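Here's the structure we're looking at; comments come further down.
Protein chains: 2
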Amino acid sequence: MANGANISFFFSPGSVAVVGASDEPGKISNIIISSLLRSGFAGRIYPVNPKHSSVHGMKCLPALEDADEVIDVAVFAIPAGAVPAALRGAEGKIRGAIIVSGGFSETGEDGKALEREVSEAARALRIRVIGPNCMGIFDTVSRVDTFFIPEDRVKRPPPGGLSILSQSGSFAATAMDELAADGIGVARVVSYGNKSDVNESDCLDFLAGDPATKAVAVYVESIDDGRRFVEAASRCSSIKPVMAVKVGKAGAGATAARSHTGAIAGRYEIYRAAFRKAGVIELNGYEEFLAACKAFGLQGRAKGNRVIIITDGGGVGVGIADACQAIGLDAAPLPEELRAELKAVFPPYFSISNPLDLTGSATDESYALALSRTMAGEHYDIAIVAALWGPPALTEALPGMLAQKPGFTEKPIIVCSPGGEYARKRFSLFREAGLPVFSTPEEAVRAAAVLARDGGRGRG
Amino acid sequence: MANGANISFFFSPGSVAVVGASDEPGKISNIIISSLLRSGFAGRIYPVNPKHSSVHGMKCLPALEDADEVIDVAVFAIPAGAVPAALRGAEGKIRGAIIVSGGFSETGEDGKALEREVSEAARALRIRVIGPNCMGIFDTVSRVDTFFIPEDRVKRPPPGGLSILSQSGSFAATAMDELAADGIGVARVVSYGNKSDVNESDCLDFLAGDPATKAVAVYVESIDDGRRFVEAASRCSSIKPVMAVKVGKAGAGATAARSHTGAIAGRYEIYRAAFRKAGVIELNGYEEFLAACKAFGLQGRAKGNRVIIITDGGGVGVGIADACQAIGLDAAPLPEELRAELKAVFPPYFSISNPLDLTGSATDESYALALSRTMAGEHYDIAIVAALWGPPALTEALPGMLAQKPGFTEKPIIVCSPGGEYARKRFSLFREAGLPVFSTPEEAVRAAAVLARDGGRGRG
């Protein structure tokens, strides 16, 4: 592994080749070229295939060695057995390879031998490799997109500040699809599968210095070099939030993680300790991973874990308070002076407490007033605003009135808006106001807890 | 409290009066009459208000005492202070009252006194009371709907076998709205608020004998008479599944529950013990409540907790296995003979294990084959099928092919179909096939766990 070497060219290539290029519908190589064209990649695209003279209306090279320049990234979408020869043929012609093909170490001894052959060839030729058995890169800055699932099945998120690193391609693709549906943007997504060369640590090194990346979320099945991971993650987390989920914790999950990318999942406790040491915020499973992506996609860290809950539904307020208690957030009682201040401005039937219950008489203005008054001063670090749309006085102006702004509040805010069609249709209003919005008390609380965690570095 | 008395007339009334009836837009009484008309209630509707001669084009009575018959249910939508007199005026004219008005024991000492006055009047006149401070009844059998939130804000679920009992009106309404959006049907929903008379135990007695109700879910802030609850819940749970969530467990949640319906939330441990004794399946929070409603809305109990996981996405399979491990479901390894049987019918690159990973090469047929073979015999009690729509061979025939049928499988099945737009649009296909479908591994596992629990009565 060429630890120190720079992999940034993967994220700003001037040229991308697709080896195995084809016009055949449904072929992986076809989807990749379509994605590159659709996403607006501005560099040069080289289809490569000895069987075709043109692909997608572009001139097709017989082999990489026929290129007139050194190509930054070559995507290999050919059968596993053909990869080593194709790579050797590319000597001096490519800087990096993304090998999306499966059939390597995840399939057993023969595949392991084949993967070793690829690694040795790449190292000898000084070619950096992402994969094999991966989806590669989706990047809203360079507009490279090698995820080989068509966009009608997996939507691509808009540009944003979140970057995702994932061993599992389907996990990354599913998360992208969710974030796209929820209007949350991303900067870079890397699926590295078997990581015969480029791994999470290389990517963390790059993302630490990447101005487009504001926060990093990592999906981990296994990490081979723990020391190097702790170094890279520590550096990155000292600059921006780094979160990670470790799957395959024990039992069937661990066994499955082992067979999935041919990795040794390892002892979960060791991962926890490494995350803590590196200042990495640990995420517990897929739900918390998504909640964290949505929260850090729109909001920043909270300074502490004291939460004010503002609601118009008593039951949902209680549910949020219960979930805060369970996860370790502090829904601290209202200080007496704040209580008096709120009693003076609100009707007597509002429940002036934490949760602060504005009841079915809630208005847009009462929500905004409650939020600005409770978030002023040093009493609370984060707000969870539960907005049930039942109260007739609530209007579509509400989300915009809760958005952070100077003189109102600049602390992080999470919205919980449970219910069906009416509520779900209004999710986009909250997101356009920069507020992450969730369907359940528990989801909102998970998101708030992630913003309030600091990987064990502060008071937490 | 008239313990033994029958409250079934609330669920099959021949006539409903609305006291405080009005044509004024946005008025609670107006919404209730609109709901009764829209939902198709076939009995007689009596608007009551001395200020109007007609409401909604129907003749309006000055007072309940002017009715020509004994009305089964009178809904009181008038200010709290006016309720006792209105109730006394109804002597001999109504069997039951639903008092939706707030302003009673939840507001302090004066409200408590008013509520006592109402209770005493009702007991003296032998009138059963639901409420005050409640939403009342939504019933797909009798088509009574007193939930005073307009249907454009809170959708009503279609007819189904699930009944919901809830102290909190907004909790019940939010759950109804969610279930409606997800196409899950209900039989009866009762919000009883301060439960000055009718409580969860009375409703459980009724639901135990209600042929329309196949399963019961209860939202509890507090229970006053624990002994009676254990009796009623035990009787009901011996006939059909009874589930309950207790909110206000500790700290801020407990304080909030106390102020919400004026209830003493009590020690959580006592509730747990009561649930266990009564064979009630305890649900942990809103998410698990919803998962349980969706699961029992379409499926029945599992005989045990051994789960087979079938997936086409390795990462999601691992996530499900992790979540099973965390919640206590047994994702037991494939027995050797089953493993051999599956190896003989599937391609070599499928991962024949638990999770059973059909990979990106999955077809509709391979899913159906995997499900029928693993659910045959006595190895597994329940299946979690994770269907990522990425694999190009999967079609919209898949959901129907996974549905239970004789000779295929009749054991419970839970579907996990994570992702964005493409996946979400296909949720209805699974539900039409009778399969509950969830967006995350954790949600699917929560639902499976509820079907596999038996309230501590069996092996658990």
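Taken in sequence, the protein lines are chains A and B.
Start counting the first sequence at 199; every next residue gets the next number (the working numbering).
Start counting the second sequence at 199; every next residue gets the next number (the working numbering).
All residues carry an ideal CB built from backbone N, CA and C; glycine is no exception.
Given the structure is predicted, the values throughout are model-derived calculations rather than measurements.
Local Cβ density within 10 Å of proline 260 of chain A, reported as buried at 16 or more and exposed below that: Proline 260 of chain A comes out exposed.
Which residues in the same chain have their Cβ closer than 6 Å to the Cβ of aspartate 400 of chain B, if we skip the five residues on either side of it in sequence? Around aspartate 400 of chain B: Ile205.
Alpha carbon to alpha carbon, how far is valine 418 of chain A from glutamate 640 of chain B? Give it in angstroms, no decimals. Taking the straight line from one Cα to the other gives about 17 Å.
For alanine 370 of chain B, which three-state DSSP category applies? Alanine 370 of chain B sits in a helix when the DSSP states are folded into three classes.
Sequence-distant residues of the same chain with beta carbon closer than 6 Å to serine 556 of chain B, five excluded per side: The residue asked about is misnamed: residue 556 of chain B is leucine in this sequence, not serine. Non-local beta-carbon contacts of leucine 556 of chain B in its own chain, meaning distances under 6 Å to residues more than five positions away in sequence, involve Asp510, Phe548, Ser564 in chain order.
Tell me the DSSP secondary structure of isoleucine 462 of chain B in three-state form. Annotation note: pLDDT 48 at isoleucine 462 of chain B (below 50); position unreliable, no value reported.
For a contact meaning CB atoms closer than 9 Å, what does isoleucine 362 of chain A contact in chain B? Here the premise fails: no neighbours, minimum Cβ distance about 12 Å.
Is it buried or exposed, aspartate 375 of chain B, if we count other Cβ atoms within 10 angstroms and call 16 or more buried? Burial call: buried.
Under 8 Å (Cβ pairs) to chain B, residues found in the segment 585-602 of chain A: Within the segment 585-602 of chain A, Leu586, Trp587, Gly588, Pro590 place their CB atoms closer than 8 Å to a CB of chain B, listed in sequence order.
Count the other CB atoms, across all protein chains shown, that sit within 10 Å of the CB of arginine 644 of chain A; report buried if there are 16 or more and exposed otherwise. The Cβ neighbour count for arginine 644 of chain A, taken over all protein chains shown within 10 Å, is at least 16; the residue is labelled buried.
Look up isoleucine 582 of chain A in the DSSP assignment and give the residues it is bridged to. The bridge partners DSSP lists for isoleucine 582 of chain A are A:Ile507, A:Ile612.
Could you give the residue range of the beta strand (DSSP E) that holds tyrosine 390 of chain A? Here tyrosine 390 of chain A belongs to no beta strand (DSSP E), and DSSP marks it neither H nor E.
By the 10 Å Cβ neighbour count, where 16 or more other Cβ atoms means buried, how is valine 268 of chain B classified, buried or exposed? In summary, valine 268 of chain B is exposed, with fewer than 16 beta-carbon neighbours lying within 10 Å of its beta-carbon over all protein chains present.
Is leucine 249 of chain A helix, strand or coil when you go by DSSP? Residue identity differs from the one stated: residue 249 of chain A is lysine in this sequence, not leucine. Of the three classes helix, strand and coil, the one that applies to lysine 249 of chain A here is coil, per DSSP.
Note the first and the last residue of the continuous beta strand (DSSP E) segment covering tyrosine 417 of chain A. 413-418 is the span of the beta strand (DSSP E), which, as asked, contains tyrosine 417 of chain A.
Identify the continuous beta strand (DSSP E) that holds aspartate 400 of chain A and give its terminal residues. Premise fails: aspartate 400 of chain A lies in the alpha helix (DSSP H), 398-406, not in any beta strand (DSSP E).
Measuring only the C-alpha atoms, how far is aspartate 395 of chain B from methionine 599 of chain A? Rounded to the nearest whole angstrom, the CA to CA distance from aspartate 395 of chain B to methionine 599 of chain A is 41 Å.
How would you list, in chain order, the residues of chain B whose beta-carbon sits under 7 Å from the beta-carbon of phenylalanine 625 of chain A? At a C-beta separation below 7 Å, phenylalanine 625 of chain A has no neighbours in chain B, since its nearest C-beta there lies roughly 12 Å away.
Which residues does DSSP list as the beta-bridge partners of phenylalanine 239 of chain B? Answer is none; phenylalanine 239 of chain B lacks a bridge partner.
Going by C-alpha to C-alpha distance, which of A:Arg433, A:Arg537, A:Glu313, A:Tyr469 sits closest to valine 445 of chain A? Ranked by Cα distance from valine 445 of chain A, the first of A:Arg433, A:Arg537, A:Glu313, A:Tyr469 is A:Tyr469.
Which chain A residues sit within Cβ distance under 7 Å of alanine 581 of chain B? Within chain A, no residue has its CB atom less than 7 Å from the CB of alanine 581 of chain B, the nearest being about 14 Å off.
is_contact[aspartate 520 of chain A, chain B] using C-beta, thresh 7 Å: Using a Cβ-Cβ cut-off of 7 Å, aspartate 520 of chain A counts as an interface residue toward chain B, since at least one Cβ of chain B sits closer than that to its own.
Per-residue DSSP class, three states only, for alanine 560 of chain B: Secondary structure at alanine 560 of chain B: coil, using DSSP grouped into helix, strand and coil.
Ranges of the alpha helix (DSSP H) found wholly within the segment 526-561 of chain B, counting only runs of at least 4: Fully enclosed alpha helix (DSSP H) runs of 4 or longer: 534-543.
Shorter than 7 Å from the beta carbon of serine 559 of chain A to some beta carbon of chain B? Closer than 7 Å: no.
Which bits of chain B does alanine 378 of chain A rub up against, with CB to CB less than 7 Å? By Cβ distance, chain B contributes Gly618.
Extent of the continuous alpha helix (DSSP H) run through lysine 492 of chain B: Residues 483-496.
Who are the near neighbours of glutamate 313 of chain B in its chain, counting only those whose CB is closer than 7 Å to its CB and skipping five residues on each side? Closer than 7 Å at the Cβ level, and outside the excluded window around glutamate 313 of chain B, lie Phe302, Ser303, Pro330, Asn392, Ser394.
DSSP beta-bridge partners of threonine 607 of chain B: Here threonine 607 of chain B is bridged, per DSSP, to B:Lys603.
Where the segment 347-374 of chain B meets chain A: residues whose CB sits under 7 Å from a CB there: Flagged, chain order: Ile347, Asp350, Arg351, Val352, Lys353, Ser366, Ser368, Phe369, Ala371, Thr372.
Near-chain A residues of the segment 403-426 of chain B - C-beta to any C-beta below 9 Å: Using a CB distance below 9 Å, the part of the segment 403-426 of chain B facing chain A consists of Tyr417, Glu419, ordered along the chain.
Count the other C-beta atoms from every protein chain shown that fall within 10 angstroms of the C-beta of serine 361 of chain A, then say buried if there are 16 or more, exposed otherwise. The residue in question, serine 361 of chain A, is buried, as its Cβ has 16 or more Cβ neighbours within 10 Å.
Output, in sequence order along the chain, the residues in the segment 267-299 of chain A whose CB is closer than 9 Å to any CB in chain B. Listed by position along the chain: nothing, the set is empty.
Could you have a look at methionine 441 of chain B and say whether DSSP puts it in helix, strand or coil? Look at methionine 441 of chain B here: in three-state DSSP terms it is strand.
For chain A, find out if any of its Cβ atoms is closer than 7 Å to the Cβ of glycine 632 of chain B; answer yes or no. In terms of beta-carbon proximity, glycine 632 of chain B stays away from the interface with chain A, with every pair separated by 7 Å or more.
In whole angstroms, what separates the C-alpha of cysteine 434 of chain A from that of alanine 621 of chain B? Roughly 34 Å between the two C-alpha positions.
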